Ligand SMILES: CC(C)(COP(=O)(O)OP(=O)(O)OC[C@H]1O[C@@H](n2cnc3c(N)ncnc32)[C@H](O)[C@@H]1OP(=O)(O)O)[C@@H](O)C(=O)NCCC(=O)NCCS
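Residue numbers (our numbering): 160 to 352.
Spelled out as structure tokens, the structure:
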């Protein structure tokens, strides 16, 4: 079988790399957090098999196709998981992808999610040449919205009964970051003509 072509991203403080077998315990532990279960599509209750599926199936298959890019996030020189990031390319619109993230409870409030999300945005818009990145969150997820807005995502509105979570549909906030917004991102070249 073809090996996944994974991509590692680095920032000032962080390394984002594809999930591997040794991350399963940390993903399992992190996803016991009530906030992650409340605001994301992870199963609830979250079992060890769910972390195994995340690493061995979802992320491995996602990297094999390149269509679901999932990263585990670490501080430089550490193997302690501080969060995850994801970039899912859209079928039917190859220029567009949806982003997602969570932070390990103990590592919140340090700006790590913003820093990692900026690297993913650069990867999507610059390296992959995507046109539009979309962020969605269930209405009321102020933390995720704060992250998205700090990265530069522009709020677009609320979609009613839109985002499915374990069989239930929630109203969702939507924001986007376009390639043409890139000059708003720090450390990026000004790509305007
Ligand atoms: C939302 C979440 C990812 C934020 O992670 P984090 O690592 O704490 O975020 P950062 O440290 O990068 O914070 C970035 C900014 O968001 C703000 N922020 C974080 N959580 C917040 C909250 N609950 N309410 C309001 N603002 C919040 C921070 O204050 C910070 O702004 P500042 O630099 O001006 O202080 C984290 O709380 C989490 O994992 N939540 C559960 C899972 C989730 O909601 N995932 C997203 C699904 S769409």
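Every residue gets a Cβ at the ideal spot worked out from N, C-alpha and C, and that includes glycine.
Remember, it's a predicted structure, so these values are computed and weren't measured experimentally.
- Residue 219 and residue 330 have their C-alpha atoms spaced approximately 30 Å apart.
- Taking non-hydrogen atoms of ligand 1 into account, the C-beta of residue 242 is found less than 8 Å away from one of them.
- Collapsing the DSSP output to three states places residue 317 in a strand.
- About 6 Å separates the CB atoms of residue 292 and residue 256; that is less than 8 Å, so the two are in contact.
- Judged by DSSP in its simplified three-state form, residue 164 adopts coil rather than helix or strand.
- Taken atom to atom, the span from the alpha-carbon of residue 237 to that of residue 322 is near 35 Å.
- At the C-beta level, residue 221 and residue 232 stay beyond 9 Å of one another.
- Cβ-Cβ distances below 8 Å link residue 282 to 166, 168, 228, 246 in the same chain, with the five nearest sequence neighbours on each side left out; the list follows chain order.
- For residue 191, the number of other beta carbons within 10 angstroms of its own is below 16, and it is reported as exposed.
- Residue state for residue 329 is assigned as strand, using DSSP reduced to three classes.
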